[in-house]
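Reading through the structure tokens given below for one structure.
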Amino acid sequence: MPRILTPPRTCGSTPATPPRRQWCELSADERAPGRLRAWLAGLLDDWRLGRLADDLALIATELATNALRHGGTTALATLSFSGSERASRVLRLEIRDSGPGFDPRECVPATGAGDLAESCGGRGLLLVAALSSRWGALDTGAGQLVWAELAVD
3 MPRILTPPRT CGSTPATPPR RQWCELSADE RAPGRLRAWL AGLLDDWRLG
53 RLADDLALIA TELATNALRH GGTTALATLS FSGSERASRV LRLEIRDSGP
103 GFDPRECVPA TGAGDLAESC GGRGLLLVAA LSSRWGALDT GAGQLVWAEL
153 AVD
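So the mapping is simple: the numbering used here equals the position in the sequence shown, first residue as 1, plus 2.
Printed below as a string of structure tokens:
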């Protein structure tokens with residue numbers, strides 16, 4: 003029998019017209035990234051953006067794992083879709099946590115290569131940088147918000 007993943011803890015949304023925005027609170031446990039991936043796949047299907055599911059799933063896993071590992075408490079995931087047929091369309095994932103933060107320039111070698119032993123950890127942020135059209139991190143004063151965007155063709 004297949005295992006059913008429950009959605010993240012608390013979820014909400016804005017109206018269905020662009021910009022669309024959905025958010026969920028992620029519990030601080032190792033199952034949270036899997037729940038997040040399932041929740042995001044459902045949203046992408048609803049928004050007819052299923053073709054972005056694989057890239058977004060990998061980005062979400064990396065960002066959520068980092069937030070939960072370094073923040074140690076619940077995290078807030080937000081997915082938004084903006085733009086129109088005439089303007090650039092962008093899918094943006096944000097993960098906000100209460101961790102100490104980091105400078106992304108110190109974590110991802112500028113060339114995409116180099117000695118990862120001096121980076122912040124593994125290759126997760128290199129994957130985020132490779133798959134997204136843009137990404138970054140902001141100090142929120144009470145933690146950090148890390149975001150990644152995918153261009154929607």
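All C-beta atoms in this analysis are idealised placements derived from N, C-alpha and C, irrespective of residue type, glycine included.
If you're wondering where the values come from, they're calculated on a predicted model, not measured in any experiment.
Beta-carbon proximity check, Leu78 vs Ala150, cutoff 8 Å
On the sequence shown, residue 78 is found 76 positions in, with the first residue counted as 1. On the sequence shown, residue 150 is found 148 positions in, with the first residue counted as 1. No, the Cβ-Cβ distance between Leu78 and Ala150 is not below 8 Å.
Distance check for Asp56 and Ala71, CA to CA, integer angstroms please.
Position 69 of the sequence shown, counted from the first residue, corresponds to residue 71. Position 54 of the sequence shown, counted from the first residue, corresponds to residue 56. In the sequence on display, residue 71 carries Arg and not Ala. Looking at the two C-alpha atoms, the distance is approximately 22 Å.
By the 10 Å Cβ neighbour count, where 16 or more other Cβ atoms means buried, how is Glu32 classified, buried or exposed?
Position 30 of the sequence shown, counting from 1, holds the residue named residue 32. By the neighbour-count rule (16 or more Cβ atoms within 10 Å), Glu32 is not buried but exposed.
Roughly how many angstroms lie between the CA atoms of Leu58 and Arg23, to the nearest whole one?
Taking the sequence shown and counting its residues from 1, the one referred to as residue 58 is at position 56. Taking the sequence shown and counting its residues from 1, the one referred to as residue 23 is at position 21. Rounded to whole angstroms, Leu58 to Arg23 spans 15 Å at the Cα level.
Relative to the alpha-carbon of Asp47, which residue among Thr67, Thr63, Phe83, Ala34 has its alpha-carbon at the smallest distance?
Indexing the sequence shown from 1 puts residue 47 at position 45. Residue Phe83 is the option with its Cα nearest to Asp47.
Look at Ala62 and Arg39 and say whether their C-beta atoms are less than 8 Å apart.
In the sequence shown, the residue the question calls residue 62 occupies position 60. In the sequence shown, the residue the question calls residue 39 occupies position 37. Yes, they are a contact pair.
Suppose the cutoff is 8 Å on Cβ atoms and the five residues either side in sequence are ignored; what does the same chain contact list for Gly52 look like?
Taking the first residue of the sequence shown as 1, we reach residue 52 at position 50. Excluding sequence neighbours, Gly52 sits near Ala43, Leu46.
The alpha helix (DSSP H) enclosing Ala79, as first and last residue numbers:
Position 77 of the sequence shown, counted from the start, is the residue given in the question as residue 79. Run containing Ala79: none in the alpha helix (DSSP H); it sits in the beta strand (DSSP E), 77-84.
Look at the Cβ atom of Ala30, then the Cβ atom of Thr80, and state whether they are nearer than 8 Å.
Stepping through the sequence shown from its first residue, residue 30 is reached at position 28. Stepping through the sequence shown from its first residue, residue 80 is reached at position 78. No, the Cβ-Cβ distance between Ala30 and Thr80 is not below 8 Å.
Buried/exposed call for Asp99, threshold 16 Cβ in 10 Å
Along the sequence shown, read from residue 1 onward, the residue named residue 99 stands at position 97. Classification of Asp99: buried, given that the 10 Å Cβ count is 16 or more.
Please go through the same chain and pick out, in chain order, the residues whose beta-carbon is closer than 8 Å to the beta-carbon of Ala144, but skip the five residues on each side of it.
Reading the sequence shown from its first residue, position 142 is the one you call residue 144. Only Ser100 meet the Cβ criterion.
Just to confirm my understanding: we take Ser135, look at its own chain, exclude 5 residues before and 5 after, and list those with CB closer than 7 Å. What are they?
The residue you call residue 135 lines up with position 133 of the sequence shown. The residues are Glu151, Leu152, Ala153.
For the candidate residues Leu127, Trp49, Ala66, whose alpha-carbon lies nearest to that of Leu93?
Mapped onto the sequence shown, residue 93 falls at position 91. Closest by alpha carbon: Trp49.
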